[in-house]
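The numbering used here applies: residue 201 is where the sequence shown begins, and numbers increase by one.
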Amino acid sequence: MTHLNVGHLRCEYLENPLGIDVLKPRLSWRLFSDRRGARQTAYRIIAAPSADDVTAERNLIWDSGRVESDQSIHVVYAGERLRSRQRVFWRVQVWDETGSLAVGPIAWWEMGLLRRTDWSASWIGATLVGGRWTTIPAPLLRRSFTLDAPIVQARLYIAASGLYECTINGQRVGEDVFTPGWTDYDQRVQYQVYDVTGLVRTGENAIGVILGDGWYCGHVAWSGRQQYGDRPKLLAQLVVTLANGRTQTIVSNRSWRYAFGPILESDILHGESYDARLEIPGWDTPDFDDSSWQPVELFTAPDIALVAMRGPTVRRHEELRPIKPPTAFHTHQTTRWVFDLGQNMVGRVRLRVRGPAGTTVTIRHAEMLNPDGTIYTANLRSARATDHYTLRGDSEGEVWEPRFTFHGFRYVELSGYPGVPDMEAVTGIVIHSATPPTGEFSCSDPLINQLQHNIVWGQKGNFLDVPTDCPQRDERLGWTGDAQVFIRTAAFNMHVAPFFTKWIRDLEDAQSPEGAYPPVAPLAGIGGLTDGGPAWADAGIICPWTIYLCYGDTRLLEEHYPSMQRFVEYLERSSRDFIRCYEEYPGFRGFGDWLALDGSGRTDGGTAKDLIGTAFFAHSARLLSRIAAIIGRSRDATRYRRLFERVRQAFITRFVTGAGRVAGETQTGYVLALHFDLLPTELRPAAADALARDILARGVHLSTGFVGTPYLPHVLTSVGRLDLAYTLLLQQTWPSWLYPVTQGATTIWERWDGWTHDRGFQDPGMNSFNHYAYGAIGEWLYATVAGIDVDPECPGYRHLVLRPRPGGGLTSARAALDTMYGRAVSDWHIDGDHFVWTIVVPPNTTATAYVPAVEGTIVQESGRPAEESEGVTPVRRDEETAVYRVVSGKYTFVAKKVG
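(1) Curious, which full-length alpha helix (DSSP H) runs of at least 4 residues does the region 418 to 479 contain?
(2) With H, G and I counted as helix, E and B as strand and the rest as coil, what does DSSP make of residue 1041?
(3) Excluding sequence positions up to five away, which residues of its chain have a Cβ less than 6 Å from the Cβ of residue 536?
(4) To test your reading of the DSSP string, which unbroken alpha helix (DSSP H) runs of 4 or more residues are found completely within the region 915 to 957?
(5) Take the Cβ of residue 860 as the centre, count every other Cβ of all protein chains shown within 10 Å, and call the residue buried at 16 or more, exposed below.
(6) Does residue 311 come out as helix, strand or coil in the three-state DSSP assignment?
(7) What three-state label does DSSP hand residue 867 in the structure shown?
(8) Could you tell me how far apart the beta carbons of residue 145 and residue 1049 are, in whole angstroms, since I believe they sit closer than 8 Å?
(9) In angstroms, rounded to a whole number, what distance separates the CA positions of residue 932 and residue 942?
(10) Going residue by residue through the region 670 to 736, where are the continuous alpha helix (DSSP H) segments of at least 4 residues, counting only ones entirely within it?
(11) Taking its Cβ as the centre, do 16 or more other Cβ atoms sit within 10 Å of residue 300, making it buried, or is it exposed?
(12) Beta-carbon separation of residue 1097 and residue 1038 under 8 Å?
(13) Tell me whether the beta-carbon of residue 381 lies closer than 8 Å to the beta-carbon of residue 312.
(14) Is residue 1013 helix, strand or coil by DSSP?
(15) Please classify residue 1096: does DSSP put it in a helix, a strand, or coil?
(16) Kindly indicate which three-state DSSP category residue 509 falls into: helix, strand or coil?
(17) According to DSSP, simplified to helix, strand and coil, what is residue 416?
(18) Roughly how many angstroms lie between the CA atoms of residue 1004 and residue 908, to the nearest whole one?
(19) Determine the burial state of residue 659: buried for a count of at least 16 other Cβ atoms within 10 Å of its Cβ, exposed for fewer.
(20) For residue 740, does the count of other Cβ atoms within 10 angstroms reach 16, so buried, or fall short, so exposed?
(21) Helix, strand or coil: how does DSSP classify residue 405 here?
(22) Cβ of residue 289 within 8 Å of Cβ of residue 254?
(23) Is residue 1063 buried or exposed, if buried means 16 or more other CB atoms sit within 10 Å of its CB?
(24) Taking a contact to mean a Cβ-Cβ separation below 8 Å, would you say residue 710 touches residue 384 in this structure?
(25) Less than 6 Å between C-beta atoms, sequence neighbours within five positions excluded: which residues of the same chain meet that for residue 559?
(26) Taking 8 Å as the threshold (C-beta atoms), are residue 432 and residue 361 in contact?
(27) On a CA-only basis, which of 539, 667, 1068 and 651 is nearest residue 620? Give me that one, please.
(28) Quick check on the burial criterion: 16 or more other C-beta atoms within 10 angstroms. Buried or exposed for residue 950?
(29) CB-CB under 6 Å to residue 213, same chain, minus the five flanking residues each way: which ones, in chain order?
(30) At which residues does the alpha helix (DSSP H) containing residue 764 begin and terminate?
(31) For residue 397, I'd like the list of residues in its chain whose CB is within less than 6 Å of its CB, leaving aside the five on either flank, ordered along the chain.
(32) DSSP state of residue 382, grouped into three classes?
(33) Rounded to the nearest angstrom, what separates residue 481 and residue 456 at their Cα positions?
(34) Taking the C-alpha atoms as reference points, what is the distance between residue 173 and residue 508?
(35) Does the beta-carbon of residue 444 have 16 or more other beta-carbons within 10 angstroms, so that it is buried, or is it exposed?
(36) Which of the three DSSP states, helix, strand or coil, is assigned to residue 246?
Encoded structure:
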């Protein structure tokens, strides 16, 4: 493919998005060509009301004209003002460096309801209310309606306080689950838009909705039910365009009726109970007689924002089958059957069963087994994680899957099962936010490959509408500290820009009036703690910055800049002489270096909280200075840079000796001082040596917790101790990344010693086996082992830094990353004394390639001297590396010794 093609058209990161409320949406596309140096020199975008209009270039609502620019991501729509429900078709034309023209396919986006006055629906629900600790059955809501003309199109705009599942004429609407998602329902609720043209028909119709408690009024963390409201509620508006030109709108209002059906309990945390004998056949079809149903209750519209969905919805993904027949445990009362799905996962179980009516099967979930083979549930704390299914007695057998709950588990226990279950009785349904995979990493060490597998599955399990800490126990909160340490790894593994766009808005919603960011977002379930403290609250700056780096998203920085300013100014006000969380500070001093095994014997570790606080104060101030410069706030940039310098000096004065020792002499203390550039240049070597000595003194083990661990390998690499970074990576005794792998882990553990041979299980009060924080090592695997990294001066991988750093005895490594511009690849292997490295640089990008080439080696590319190869420009050569600048294309470098 030497010619140029255009494709992968996206609007606000999404393919043909239905129902957005961004008034000036951004458009992106990719170029496809195998030709070296393929790049865009100009583009033209046209937009029109129909695909035919785009093809004919008539009735245009926007024609950008030919724009001399290489920009192919985040081009802002600048056409006519957009209206509610308007569909816009668009196409891009691209000229390349040869002057050739390539024309992309036609894509579209459709607007949602942009004004509150566009909504004529009312909030409705059942009259029955549960309590703080008691639930009610899930209500079924329905109404019939008639369409008296052929249908052109139909759109359903739907939201809920709680969760909903909607059907039209008995057919499910969409494939999403846990809609409308978790937000701070006191401030905003999301709505979804569905094209239901194929579900409605001329004549009689019916719409049905089942409501679940969800996060709105179900159990959240350990704080009971009804964190936001007392019962689930529905808001629905069906807009049908008829062939006669009329528009008919069916809305949620007093005409709807409700009843309770087979879902007796639908708690998102504790589980779901379903009695199939109470099913109401045909309840959501037009012919059903609902005269015995009750009228719904009408509710006053809350004074909150009603917004279109920005992030991805949650969906079902893989299905997992047991890896062996179940094990039976017999007691005098019952037999319990334990299944092993072979993978710690998040979702629920699809049950297959046949038996007498009234038989109840109980389904329990666990991540681990006790020594006797029974399921280990002590670490679930108060979470029941239990589902119940009561059979209707169908002789053909019954299949059931819960709707409004999820669990974290590898093992499934059935009790009350009629007969002997086979391996078909249980299927694990994996559920997570629809964040498509973008990254791949593998190497010559199978344990590291399993570590990468565990990182990915930890991300799947904890990216369920919000980035949670863990999926199994009575917590499942959007912990800010966990999110910020992992976000860079997350952006390698999956396309997470829309996911974090939504969650960063949740975080701003949770910001205190004083400017503090809380420890969790949405803010619920943890009492009145509004300041997350060092490393947790700083997510409010670190996360937007990281999305900018990985996706080139300047608008995200602009939208949240006032919020970030309030946070840094809060830090400035609440610090004393620029020391954050000083010893006498009256507020919350933070979680410390959470779960560090540094000998302190404390869960918050032995690194001083004012040291951690001041380090992150400096880091946030410097990031905000860079952000201000990027969005054109030059005076602010200067101010925050000066603030960084003041905080840095305060850090040196308070925590650093003249010999380069950092107060407390913990690994995390040294890591933060080095990584955040808080030391005088002349003291960095001494601090690096002290860090290395401590690691060696512990038998080549880390002692860092949540705060220090993510930065540790990067620091060791930057100070010339790549060898030590690899030794830590390959360490198989705890604490280490590979110890859980050697114990059969399939996800990342919360604790380094969640289970050990000599001690067994750690404290069940806090011992998750699916907790992605320590999976932040994934960033180092991609960027250092394989060698794909971003250039902060050219965000979004517009210019790549390709720099593999072989070591640790590895003989090969490969990473691939689907960037905003296309797929980048770094694939190296060692063949005798040859280092062979294949790279792919996407069209419309460039890269700096660092070929490992010590003195006495020559570097070739595609069989000729690298400096003579097409698209390759030498930059420099030092004792260890030959550096080249390359244009887009595929290259194979070989570094081999002379003689």
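Every residue gets a Cβ at the ideal spot worked out from N, C-alpha and C, and that includes glycine.
Predicted model, so just to flag it, every value in this text is computed and none were measured.
On the basis of the supplied data:
(1) Within the region 418 to 479, no run of alpha helix (DSSP H) reaches 4 residues while sitting entirely inside it.
(2) Strand at residue 1041.
(3) So the qualifying residues of the chain are 529, 613 and 615.
(4) Segments of the alpha helix (DSSP H) lying fully in the region 915 to 957: 922 to 930 and 938 to 942.
(5) Around the beta carbon of residue 860, 16 or more other beta carbons sit within 10 angstroms, so the residue counts as buried.
(6) Annotated three-state conformation of residue 311 is strand, per DSSP.
(7) In the structure shown, residue 867 sits in a helix (DSSP, three-state: H, G or I).
(8) The chain is shown from 201 up to 1099; residue 145 falls before or after that span and cannot be answered.
(9) C-alpha of residue 932 to C-alpha of residue 942: approximately 7 Å in a straight line.
(10) When DSSP assignments are scanned along the region 670 to 736, the uninterrupted stretches of alpha helix (DSSP H) that are 4 or more residues long and fall wholly within it turn out to be 680 to 693 and 697 to 709.
(11) Burial state of residue 300 is exposed, judged by a 10 Å Cβ sphere holding fewer than 16 other Cβ atoms.
(12) No, the pair does not count as a contact, with Cβ atoms beyond the cut-off.
(13) No; because the gap between Cβ atoms is not below 8 Å, this pair is not in contact.
(14) If DSSP states are grouped into helix, strand and coil, residue 1013 belongs with the strands.
(15) Strand, per DSSP.
(16) Residue 509 falls in the coil class under three-state DSSP.
(17) DSSP places residue 416 in the helix class (H, G or I) of the three-state scheme.
(18) Spanning the alpha carbons of residue 1004 and residue 908 requires a straight line of approximately 23 Å.
(19) Only buried fits residue 659, as 16 or more other CB atoms lie within 10 angstroms of its CB.
(20) Residue environment: residue 740 is assigned as buried (16 or more neighbouring CB atoms within 10 Å of its CB, all protein chains considered).
(21) When secondary structure is reduced to three states using DSSP, residue 405 falls in the strand class.
(22) Yes, the Cβ-Cβ distance between residue 289 and residue 254 is below 8 Å.
(23) Looking at its Cβ environment, which holds fewer than 16 other Cβ atoms inside 10 Å, residue 1063 is exposed.
(24) Result yes, Cβ atoms of residue 710 and residue 384 sit closer than 8 Å.
(25) Excluding residues within five positions, the ones whose Cβ falls inside 6 Å are 591 and 618.
(26) In this structure, residue 432 lies closer than 8 Å to residue 361 by Cβ.
(27) For the residues 539, 667, 1068 and 651, the minimum Cα distance to residue 620 belongs to 539.
(28) Buried, because 16 or more other Cβ atoms sit within 10 Å of the Cβ of residue 950.
(29) If the five residues before and after residue 213 are omitted, its C-beta is found closer than 6 Å to the C-beta atoms of 697 and 698, all from its own chain and listed in chain order.
(30) Per DSSP, the continuous alpha helix (DSSP H) segment holding residue 764 begins and ends at 754 to 774.
(31) Take residue 397, set aside five residues on each side of it, and the residues of its chain with a beta-carbon closer than 6 Å to its own are 353 and 354, in chain order.
(32) In this structure, residue 382 counts as coil in the three-state DSSP scheme.
(33) Residue 481 and residue 456 have their C-alpha atoms spaced approximately 18 Å apart.
(34) Because the chain is modelled from 201 through 1099, residue 173 falls outside the range shown and cannot be assessed.
(35) Answer is exposed; the Cβ neighbour count stays below 16.
(36) Here residue 246 carries a strand assignment [DSSP, helix/strand/coil].
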